[in-house]
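Below is one structure, written out as structure tokens; comments come after it.
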Amino acid sequence: MKTFRCYCGNTLNFENSRCIVCERTLGYLPDEKQISALEPAANGTWRALLNNKTYRQCKNYSEYDVCNWMVPVEDSQSLCVSCRLNHIIPNLNEGQNLTLWYRIEQAKRRLLYTLYSLNLPVVGRAQDPNKGMGFEFLQDETIQDEFSNELTIKHSVVTGHHAGMITINVLEAEHGTREVMRQKMNERYRTLLGHFRHESGHYYWERLINGTSNIDSFRDFFGDERFDYQQALKNYYDLGPLPDWQDNWISAYASMHPWEDWAETWAHYLHIVDTLETAHDFGFSIQGVDVSPPKAEEPISEGQMASGYNTPVSFDELFDDWCRLSVALNALNRSMGMDDAYPFAISTAALYKLQYVHRIVNTAGD
Numbered sequence: 032m033k034t035f036r037c038y039c040g041n042t043l044n045f046e047n048s049r050c051i052v053c054e055r056t057l058g059y060l061p062d063e064k065q066i067s068a069l070e071p072a073a074n075g076t077w078r079a080l081l082n083n084k085t086y087r088q089c090k091n092y093s094e095y096d097v098c099n100w101m102v103p104v105e106d107s108q109s110l111c112v113s114c115r116l117n118h119i120i121p122n123l124n125e126g127q128n129l130t131l132w133y134r135i136e137q138a139k140r141r142l143l144y145t146l147y148s149l150n151l152p153v154v155g156r157a158q159d160p161n162k163g164m165g166f167e168f169l170q171d172e173t174i175q176d177e178f179s180n181e182l183t184i185k186h187s188v189v190t191g192h193h194a195g196m197i198t199i200n201v202l203e204a205e206h207g208t209r210e211v212m213r214q215k216m217n218e219r220y221r222t223l224l225g226h227f228r229h230e231s232g233h234y235y236w237e238r239l240i241n242g243t244s245n246i247d248s249f250r251d252f253f254g255d256e257r258f259d260y261q262q263a264l265k266n267y268y269d270l271g272p273l274p275d276w277q278d279n280w281i282s283a284y285a286s287m288h289p290w291e292d293w294a295e296t297w298a299h300y301l302h303i304v305d306t307l308e309t310a311h312d313f314g315f316s317i318q319g320v321d322v323s324p325p326k327a328e329e330p331i332s333e334g335q336m337a338s339g340y341n342t343p344v345s346f347d348e349l350f351d352d353w354c355r356l357s358v359a360l361n362a363l364n365r366s367m368g369m370d371d372a373y374p375f376a377i378s379t380a381a382l383y384k385l386q387y388v389h390r391i392v393n394t395a396g397d
């Protein structure tokens, strides 16, 4: 994730909606892949100082302040390209849900930023009613015990993916609850953004692998996905991960089934790309070696604005930079008494799978 510049020169972050220096309202322009300072225009619209075009605030920006994306004035929809992918949002009649929804939207927009930057197809339900990407943010259904006056869970929401629809349990945005679940599941890493990246991997398996010429090469690296998933799931939770999982998979959960192996590897690839972009944007140099951008920037002609990344660097360069950077990140975290930022060791087998994902990503638009 890059940082951005306000019209006044102040550094901006992806989530910002107001500049603390010049106090201008800000908005993310999906068509430019940039944050722009805004000035009020006619009929409740805004003029972006970045390109002098006119926009409206996304409805979830103007009404709930959980979004900072803009809608071009010629677009008739009230929601931005991110929020129109939502099918179910949290019940806002419950006090904490507005805060939890805000955190969920932050993570979702970071996912979409990376997907768009990698030129991956993001096809919504409006274009593909059966398998288009969509999001449902649901919460556990509870009932009140009439004797003890305590709430018990009647129906538990499982974060997951089905036919393009990504479901997130709203409680994953509640930090304490998520940490309890992380420890219960014996996981070293569990974040909202990690959930979105993992579940997007299932979406892209359906779009880029299943039923395409890539299916045979996928099976060469990840195994035969036709193996019964429910049986694999039962084996994993009854018996635990395979004893040699560190040698062949990027995480313990990846050893459960080829679908999960792909989704975990996909998520780690997005972790790597996004973190390297951040490090490059801040000018990081590890042991005298500059961190390269995960993708080379497009040439910009005079009068044009940068529109993201386009030409891929080699996987070897990307991975070498990641090895140096992740070691440094972990050392910095330990200096602060915190857990490792990247608590994983990438085996040779997992490395080849990451390289395969890199190839799939960079040929997705061909």
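Note that the working numbering gives residue 95 to position 64 of the sequence shown, counting from 1, and the numbers run on in steps of one.
Beta carbons: idealized from backbone N, C-alpha and C, even for Gly.
Helix, strand or coil for residue i, going by three-state DSSP, please let me know.
i, result
"V102", "strand"
"F350", "helix"
"T296", "helix"
"Q158", "coil"
"G191", "strand"
"G58", "strand"
"F253", "helix"
"T34", "coil"
"W77", "strand"
"H186", "strand"
"E308", "helix"
Would you mind giving the Cβ-Cβ distance between residue i and residue j, rounded to the nearest angstrom? I have them listed as a contact below 8 Å.
i, j, result
"V97", "E136", "5 Å"
"L149", "V388", "Contact doesn't hold; Cβ gap of about 11 Å is too wide."
"E291", "A283", "About 10 Å separates the two Cβ atoms, so there is no contact after all."
"Y234", "I197", "7 Å"
Just curious, the beta strand (DSSP E) that residue i is in, first and last residue?
i, result
"Q318", "Neither: Q318 is in no beta strand (DSSP E) and is coded neither H nor E."
"E70", "65 to 71"
"H118", "117 to 119"
"Q88", "85 to 88"
Between residue i and residue j, what straight-line distance do the alpha-carbon atoms span, to the nearest angstrom?
i, j, result
"S179", "H186", "Caution applies to S179, whose pLDDT of 46 falls short of 50 and renders its modelled position unreliable; the value that the coordinates give is listed next. In a straight line, the C-alpha of S179 is about 19 Å away from that of H186."
"N41", "L146", "26 Å"
"C39", "T379", "47 Å"
"M369", "L360", "11 Å"
"N252", "P103", "Note that residue 252 corresponds to Phe in the displayed sequence, not to Asn. So the two alpha carbons sit approximately 43 Å from each other."
"G319", "R355", "11 Å"
"T243", "R140", "28 Å"
"F350", "E94", "42 Å"
"F258", "R250", "11 Å"
"L142", "L224", "7 Å"
"N200", "F168", "6 Å"
"K90", "R115", "10 Å"
"R49", "N241", "43 Å"
"S248", "L301", "21 Å"
"D159", "A194", "11 Å"
"D255", "P289", "7 Å"
"N245", "L239", "8 Å"
"W132", "Y268", "30 Å"
"Q386", "D275", "21 Å"
"L43", "E218", "33 Å"
Along the chain, where does the alpha helix (DSSP H) containing residue i start, and where does it finish?
i, result
"N200", "Run containing N200: none in the alpha helix (DSSP H); it sits in the beta strand (DSSP E), 196 to 200."
"Y383", "379 to 393"
"L131", "128 to 148"
"F166", "Looking at the DSSP string, F166 is not in any alpha helix (DSSP H); the run it does join, the beta strand (DSSP E), is 165 to 169."
"Y260", "260 to 270"
"Q214", "206 to 215"
"R221", "No alpha helix (DSSP H) contains R221, which DSSP labels as neither H nor E."
By alpha-carbon positions, which one of the options ends up nearest to residue i?
i, options, result
"H118", "Y144, R134, M164", "M164"
"A310", "N83, S323, F168", "S323"
"K384", "N279, E308, I317", "N279"
"T296", "I240, A381, D269", "A381"
"M113", "A79, E205, F166, N122", "Checking the sequence, you will find Ser at residue 113 rather than Met. The shortest Cα separation from S113 among A79, E205, F166, N122 belongs to F166."
"Y144", "I281, I66, T85, T198", "I66"
"M101", "Q108, S109, Q88", "Q88"
"W293", "E237, L123, D371", "E237"
"Q277", "S109, T130, P374", "P374"
"V304", "V154, D347, K265", "D347"
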